[in-house]
Amino acid sequence: MYYQNYNYMNIRNRRKTSDFLSRMINNLSIVLIILIVFIMLKIVKTDTASKLNQYIKYVFYKDYTENLKSVALNRVHSINMPAFKILNKNEFVIDQAPVDGKIVVKFGDNTEDNTTSKGIIYETENAKEVKAIYDGVIEKVEANDKYGLLVTIDHKNGYKSILGYLDEVRFTEGETVKKGEIVGVNGYIPKQKKYGLYFELQLNGICVDPLKYIKLN
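Residue numbers (the UniProt record's numbering): 1 to 217.
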């Protein structure tokens, strides 16, 4: 029995070696054929040969990193496991409204000066406390001709919030602010003859729709 098993293992090993050598020879043959075609195309000076030559170079030197990354992410996303769900989850969720009021202007709406709104505008009955939507650092406090007193808060990971139409600011530049902390008080908008708050959200310097991130209970 042992002798038979030994012979069987030897036959199987030889078969594996033979299969490996066959695959290697086939691969080398393909590479050799491509090289021969490449050399012939270099020698032959025609438009078709030149185009084919450029295409072969493109195939050989193309960066497949992005393609591989895309395939890998699609593969991971198709796996229904809790450990991978974080890849699909948008971690920046606004569950704290900056002010208690009614949204009267949305992102992308036309404004009175014929421009497109880069944020949203809340209307309030009177002066209200304005709160930070997320943890962050006060990056800038400035006056603006259009939105009055503005505060920019850097929330890290590319996210920044800008609060305008303020009448009072309770933080200075460089200070840390926590979500829900009172940043200031909104003011009266002379043109609209109402109290309001301008709220803009940026991601990597580009304005995005805040309503897509707001998930209030």
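Note that beta-carbon positions come from the ideal geometry of N, C-alpha and C, so glycine has one too. Keep in mind that this is a model prediction, so the values were computed, not measured.
With 16 other CB atoms within 10 Å as the buried threshold, where does residue i fall?
{"i": "G205", "result": "exposed"}
{"i": "T116", "result": "exposed"}
{"i": "V183", "result": "buried"}
{"i": "G108", "result": "exposed"}
{"i": "K146", "result": "exposed"}
{"i": "S161", "result": "buried"}
Excluding sequence positions up to five away, which residues of its chain have a Cβ less than 6 Å from the Cβ of residue i?
{"i": "D135", "result": "K178, K179"}
{"i": "I214", "result": "I94"}
{"i": "D167", "result": "V185, G187"}
{"i": "D209", "result": "F107"}
Report all residues from its chain with a CB closer than 7 Å to the CB of residue i; omit the five preceding and five following residues, and keep chain order.
{"i": "I138", "result": "V151, I153, F171, T172, E173, G174, E175, V177"}
{"i": "N110", "result": "T116"}
{"i": "H155", "result": "Y134, D135, G136, S161"}
{"i": "Q96", "result": "K131, I133, K179, G180"}
Quick one, are the C-beta atoms of residue i and residue j less than 9 Å apart?
{"i": "E181", "j": "K131", "result": "yes"}
{"i": "K128", "j": "G158", "result": "no"}
{"i": "L216", "j": "C207", "result": "no"}
{"i": "K194", "j": "E142", "result": "no"}
{"i": "I103", "j": "L211", "result": "yes"}
{"i": "Y165", "j": "L197", "result": "yes"}
List the whole-angstrom C-beta distance separating residue i from residue j, where the pair is believed to meet the contact cut-off of C-beta under 8 Å.
{"i": "V105", "j": "N186", "result": "Contact doesn't hold; Cβ gap of about 14 Å is too wide."}
{"i": "I133", "j": "I94", "result": "5 Å"}
{"i": "F199", "j": "L163", "result": "6 Å"}
{"i": "K191", "j": "E125", "result": "With 8 Å as the limit, K191 and E125 do not qualify as a contact, their Cβ atoms being about 18 Å apart."}
Spatial neighbours of residue i within its chain, please: CB distance less than 8 Å, with the 5 preceding and 5 following residues excluded, ordered by chain position.
{"i": "K140", "result": "L150, V151, T152, E173"}
{"i": "K118", "result": "F107, E200, C207"}
{"i": "N169", "result": "At residue 169 the sequence reads Val, which differs from the Asn that was named. Contacts found: V141, L149, V151, V183, G184."}
{"i": "I25", "result": "none"}
Would you say residue i reaches chain B, if we count a Cβ-Cβ gap shorter than 9 Å as a contact?
{"i": "F171", "result": "The structure shown has no chain B; it contains just one protein chain."}
Can you list the beta strand (DSSP E) stretches of 3 or more residues lying completely in the segment 89-132, in chain order? Counting only runs of 3 or more, we get 102-105, 120-124, 129-131.
What are the start and end residues of each continuous beta strand (DSSP E) run of 3 or more residues lying completely inside the UniProt domain "M23ase beta-sheet core" (116-210), in chain order? Runs found: 120-124, 129-131, 136-144, 148-154, 159-169, 182-189, 194-203, 206-208.
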